[in-house]
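Residue numbers (UniProt numbering): 1 to 504.
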């Protein structure tokens with residue numbers, strides 16, 4: 001049972017080489033130092049056992065020496081297999097840019113250990129054929145007793161073969177969210193953001209449903225996050241959404257992808273507030289809450305810079321005196337804003353201040369979003385539209401040929417005056433280019449003013465003739481030009497439509 005000198009020399013060289021590679025492994029692969037230390041202990045224990053068998057043989061205890069020798073040869077083989085398995089898979093393979101899965105390392109080590117046991121039994125004189133025949137029942141019993149373990153092994157293999165989970169993936173299983181750091185033959189090791197390590201049996205992953213966070217087909221790692229906030233209903237949703245989207249794009253916070261771009265959506269209206277969601281794509285899944293916090297801080301700062309605030313759920317309790325003061329102040333402020341708009345219109349230049357105040361009180365605020373049609377050609381609309389923010393386009397469809405762009409309308413532009421004062425059909429379709437805010441004046445408001453001051457009909461008719469002439473010049477189409485009606489004809493239509501000649 002003694003080693004031959006050549007065998008002993010080879011064994012010593014082998015141990016020296018293993019020791020050198022083990023030192024390199026210790027400094028290069030820090031995550032498996034504990035396993036390396038255990039393997040070295042097992043290797044040392046095996047060597048000491050062989051030395052003990054030699055001492056027994058020197059004391060003429062041949063039978064005991066043989067038993068100890070074979071036992072510790074098995075132990076030594078296990079240690080060498082495990083030791084070199086780690087060196088091959090975790091040290092040498094990465095050097096040649098290979099990254100075999102951990103479960104493959106475990107299974108190959110297990111197969112090598114079983115083969116080593118059979119080899120030592122064969123050297124001891126046991127026939128392998130007899131061993132296989134007599135161990136069939138034992139194998140069946142072990143398979144039944146270890147069905148959960150075998151299930152985990154097969155589940156781990158299945159997860160690896162179809163690449164369902166890889167090391168570094170972020171998964172969510174129920175309330176658990178974490179990063180996969182290891183996938184062994186028995187379980188998948190997951191580290192949470194709170195520094196916890198959770199062992200999930202592979203069978204549970206195969207039987208249940210789990211989510212892979214941020215992993216999309218042929219696209220970089222990114223996970224869409226939703227940051228919820230609420231703003232009062234006094235502010236237009238289009239304004240809030242535009243503010244937030246521009247702010248996130250310009251700030252370009254860390255870990256926030258620019259493609260796909262951030263977005264802001266109105267998701268609901270509840271408890272007296274508009275509920276919004278700022279959505280962005282997170283590129284570093286470790287920093288989910290810090291990035292969400294940064295986005296919330298950015299939203300709050302943007303709203304404050306624009307005289308807005310994040311809103312809490314509202315419950316209205318009316319106190320008559322305070323509410324009257326509040327609404328009176330708001331009404332006065334809105335009236336001044338509307339007066340400033342009306343005073344700039346050429347159409348209303350001849351109205352007195354009290355008449356402008358009457359119109360300002362009856363203006364109706366009307367918002368439109370991009371793509372909306374404000375009025376259509378051929379419709380009869382008894383409204384005057386005044387744009388205060390945003391842009392729109394007026395399109396004319398001739399009787400022959402394709403439609404043409406008639407005019408681009410912006411803040412201060414107005415249209416619909418012919419329909420308001422004479423009842424004529426609209427001559428152009430107005431389509432919103434960007435989100436538009438406008439005021440509308442109805443027929444009844446003008447009717448009250450004209451009935452009190454009939455002489456204004458002549459002034460308005462002159463403005464209408466001028467506007468109609470300007471429209472024909474803009475059209476610049478000789479085949480479809482309708483010559484401007486005479487001032488007397490428009491005046492007659494206006495008086496008839498408003499009702500000024502009923503008493504005549």
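Backbone N, C-alpha and C define an ideal beta-carbon position, used for all residues, glycine too.
At what residues does the beta strand (DSSP E) containing residue i begin and finish?
i           : result
residue 564 : Beyond the ends of the chain as shown, which are 1 and 504, falls residue 564; an answer cannot be given.
residue 392 : 392-396
residue 215 : Element bounds for residue 215: n/a, residue is neither H nor E.
residue 191 : 187-192
residue 373 : 373-375
Can you tell me where the alpha helix (DSSP H) with residue i in it begins and where it stops?
i           : result
residue 77  : 62-86
residue 123 : 102-123
residue 412 : Unbroken run through residue 412: none, as it is neither H nor E.
residue 446 : 443-452
residue 380 : Residue 380 -> no alpha helix (DSSP H), and no H or E assigned at all.
residue 240 : 237-251
CB-CB under 6 Å to residue i, same chain, minus the five flanking residues each way: which ones, in chain order?
i           : result
residue 116 : 77
residue 431 : 373, 393
residue 85  : 105, 109
residue 173 : 210
residue 481 : Caution applies to residue 481, whose pLDDT of 44 falls short of 50 and renders its modelled position unreliable; the value that the coordinates give is listed next. Result list for residue 481: 472, in chain order.
residue 294 : 253
residue 516 : Any property of residue 516 remains undetermined from this structure, which presents the chain solely from 1 to 504.
residue 399 : none
In whole angstroms, give me the CA-to-CA distance for residue i and residue j.
i           : j           : result
residue 20  : residue 227 : 53 Å
residue 99  : residue 391 : 58 Å
residue 365 : residue 336 : 14 Å
residue 52  : residue 65  : 8 Å
residue 177 : residue 268 : 28 Å
residue 88  : residue 166 : 20 Å
residue 439 : residue 402 : 31 Å
residue 256 : residue 286 : 13 Å
residue 341 : residue 415 : 14 Å
residue 240 : residue 395 : 30 Å
residue 212 : residue 103 : 20 Å
residue 90  : residue 43  : 19 Å
residue 385 : residue 344 : 14 Å
residue 408 : residue 289 : 46 Å
residue 274 : residue 310 : 10 Å
residue 331 : residue 361 : 9 Å
residue 387 : residue 370 : 14 Å
residue 445 : residue 426 : 20 Å
residue 303 : residue 284 : 27 Å
residue 168 : residue 94  : 16 Å
residue 196 : residue 436 : 52 Å
residue 120 : residue 16  : 24 Å
residue 46  : residue 260 : 59 Å
residue 188 : residue 251 : 39 Å
residue 281 : residue 433 : 28 Å
residue 442 : residue 419 : 10 Å
residue 38  : residue 248 : 52 Å
residue 478 : residue 379 : Any reading at residue 478 needs caution, since the residue's pLDDT is 47, under 50, leaving its predicted position unreliable; the model's value is listed next. For residue 478 and residue 379, the distance between alpha carbons rounds to 24 Å.
With a threshold of 8 Å (Cβ to nearest heavy atom), would residue i be considered close to the ligand GDP?
i           : result
residue 250 : In terms of ligand content, the structure shown is empty, and the ligand GDP therefore cannot be addressed.
Among residues of its own chain, excluding the 5 on either side of residue i, which ones have a beta-carbon nearer than 7 Å to its beta-carbon?
i           : result
residue 329 : none
residue 235 : 308
residue 198 : 176, 178, 190, 192
residue 107 : 185
residue 243 : 302, 306
By Cβ distance below 8 Å, which residues in the same chain neighbour residue i in space, the five residues on each side in sequence not counted?
i           : result
residue 484 : Reliability of the predicted coordinates at residue 484 is poor, the pLDDT of 49 falling under 50, and the value obtained from them is presented with this limitation in mind. Correct list, in chain order: 465, 468, 469, 472.
residue 348 : 342, 356, 359
residue 447 : 498, 499
Just list the residues that DSSP pairs residue i with in beta bridges.
i           : result
residue 23  : In DSSP, residue 23 forms no bridge with anything.
residue 386 : 414, 439
residue 278 : 227, 264
residue 182 : 189
residue 368 : 436
residue 198 : 190
residue 172 : 177, 211
residue 431 : 373, 393
residue 405 : 395
residue 256 : 282
residue 232 : 273
Using a beta-carbon distance below 9 Å, is residue i in contact with chain C?
i          : result
residue 38 : No chain C is present in this structure, which holds just one protein chain.
Could you give the uninterrupted runs of the alpha helix (DSSP H) lying entirely in the segment 283-361, keeping only those of 4 residues or more? 288-305, 320-342
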